[in-house]
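Numbering (our numbering), first residue to last: 263 to 483. Quick notes on the structure that follows.
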Amino acid sequence: MQRSDERWITFDCYGTLLDWQTAFRRILEPVADGRIEDLVHAFHAVEPEVQRDAPTASYKAILLEGVARASQRIGLDLAPADQERIVTEWGTIEAFPDTPGALGALRDAGWKLGILTNCDNDLFESTRAALGVEIDCVVTAEEIHSYKPALGHFEVFEARTGVDRANWVHAAVAWWHDMVPARDLGLRRVWVDREHSGHDASIVTAHIHDMASLPATVASL
263 MQRSDERWIT FDCYGTLLDW QTAFRRILEP VADGRIEDLV HAFHAVEPEV
313 QRDAPTASYK AILLEGVARA SQRIGLDLAP ADQERIVTEW GTIEAFPDTP
363 GALGALRDAG WKLGILTNCD NDLFESTRAA LGVEIDCVVT AEEIHSYKPA
413 LGHFEVFEAR TGVDRANWVH AAVAWWHDMV PARDLGLRRV WVDREHSGHD
463 ASIVTAHIHD MASLPATVAS L
């Protein structure tokens, strides 16, 4: 296959571009009986387990089962309608303040923009406008029946766009779900470590802590 000479930068969406953790707290705090931080921490612990148990399930199902398991783990009694808030209000997730400007600057510099997301089509579409910039290619977990860190998102994106890996940068907050597979594929990778998580930065090409730094970082690679 003839490779494109277009420059592409791909992103994870939720946590990197859109502030889903703030939304998670806002959406579930009214029903969390004062234990929203416990629920957030428990959800982070159980979500990978749910994905391993049901690797082809929709992300809606992952969210609902994750909230159910997390609430059970901390002894919080959440009615089904309360658990469903995370799905029904997903479209209220907002972008981080530095996202639209950074994406716009990248586009102005000639980069094409892609998103590789562990999400359903309709959930992503409900938040797409919050990005503030048109995205050129989106690969969702729903369409490929796979979740990162498996390589499916990357492989489908590569086949769809014809990108040359030398012209492809991947940027994300998630070390395990994104930086590790990007390393395994030999991509240039920028870790947008918003959470100062303490993971091994030696496996990435560049290590930053916000999207505002990304355009200059990418230009220097």
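Note that the Cβ used here is the ideal one computed from N, Cα and C, for glycine as well.
* **Segment contact flag, the region 414 to 432 with the region 385 to 395, C-beta cutoff 8 Å, min 3 pairs** => In short, these stretches do not touch, since the Cβ pair count stays below three.
* Looking at C-alpha atoms only, which residue of Arg269, Phe273, Leu325, Gly460 is the closest neighbour of Ile377? -> Phe273
* Asked: Can you tell me whether Arg314 is buried or exposed, with buried defined as 16 or more other CB within 10 angstroms of its CB?
  -> exposed
* Throw me the rounded Cβ distance for the Tyr276 and Thr379 pair, which I believe falls under 8 Å. => Confirmed, about 7 Å.
* To do: Can you tell me which of Thr389, Leu483, Ile397, Val425 puts its alpha carbon nearest to the alpha carbon of Thr467?
  => Leu483
* **Nearest candidate by alpha-carbon position, reference Ala285, set Ala474, Trp270, Val302, Ser266** => Val302
* Hey, how far is the Cα of Leu517 from the Cα of Leu279? -> Only positions 263 to 483 of the chain appear in this structure, which leaves residue 517 out of reach.
* Can Arg269 and Lys374 be called in contact, C-beta distance under 8 Å? -> yes
* Asked: Which runs of the alpha helix (DSSP H) spanning at least 4 residues fall entirely within the region 345 to 381, listed in chain order?
  -> Unbroken alpha helix (DSSP H) runs of no fewer than 4 residues, entirely contained in the region 345 to 381, are found at 347 to 350, 361 to 370, following chain order.
* Name the residue from Ala364, Phe305, Trp437 whose alpha carbon lies nearest to the alpha carbon of Ala478. => Ala364
* **Anticipated Cβ contact below 8 Å, Ala304 with Ala343, distance rounded** => The distance from the Cβ of Ala304 to that of Ala343 is about 20 Å, inconsistent with a contact at the 8 Å cut-off.
* Rounded C-alpha distance that separates Gly296 from Pro411 -> Gly296 and Pro411: Cα-Cα distance of roughly 33 Å.
* Asked: Between which two residues does the alpha helix (DSSP H) containing Val418 stretch?
  -> For Val418, the enclosing alpha helix (DSSP H) covers residues 414 to 423.
* Could you have a look at His432 and say whether DSSP puts it in helix, strand or coil? => Here His432 sits in strand by DSSP.
* Does the distance from the C-beta atom of Gly328 to that of Val349 stay below 8 Å? -> no
* To do: Tell me, to the nearest whole angstrom, how far the beta carbon of Glu417 is from that of Asp382; I am working on the premise that it is less than 8 Å.
  => Contact between Glu417 and Asp382 is ruled out by a C-beta separation of about 20 Å, above the 8 Å threshold.
* Asked: Given that a residue counts as buried once 16 or more other Cβ atoms are within 10 Å of its Cβ, and exposed if not, what is Pro443?
  -> buried
* Considering Ala463, what are the terminal residues of the beta strand (DSSP E) in which it resides? -> From DSSP, Ala463 is part of no beta strand (DSSP E); its letter is neither H nor E.
* **Residue nearest to Gln486 in terms of C-alpha spacing, selected from Pro362, Ala307, Pro317, Ile406** => An answer regarding residue 486 cannot be provided, because it is not within the stretch 263 to 483 covered by the chain.
* To do: Taking Ile271 as part of the beta strand (DSSP E), name the residues at either end of that continuous run.
  => 270 to 273
* Residue environment, Asp440, which counts as buried when at least 16 other CB atoms sit within 10 Å -> buried
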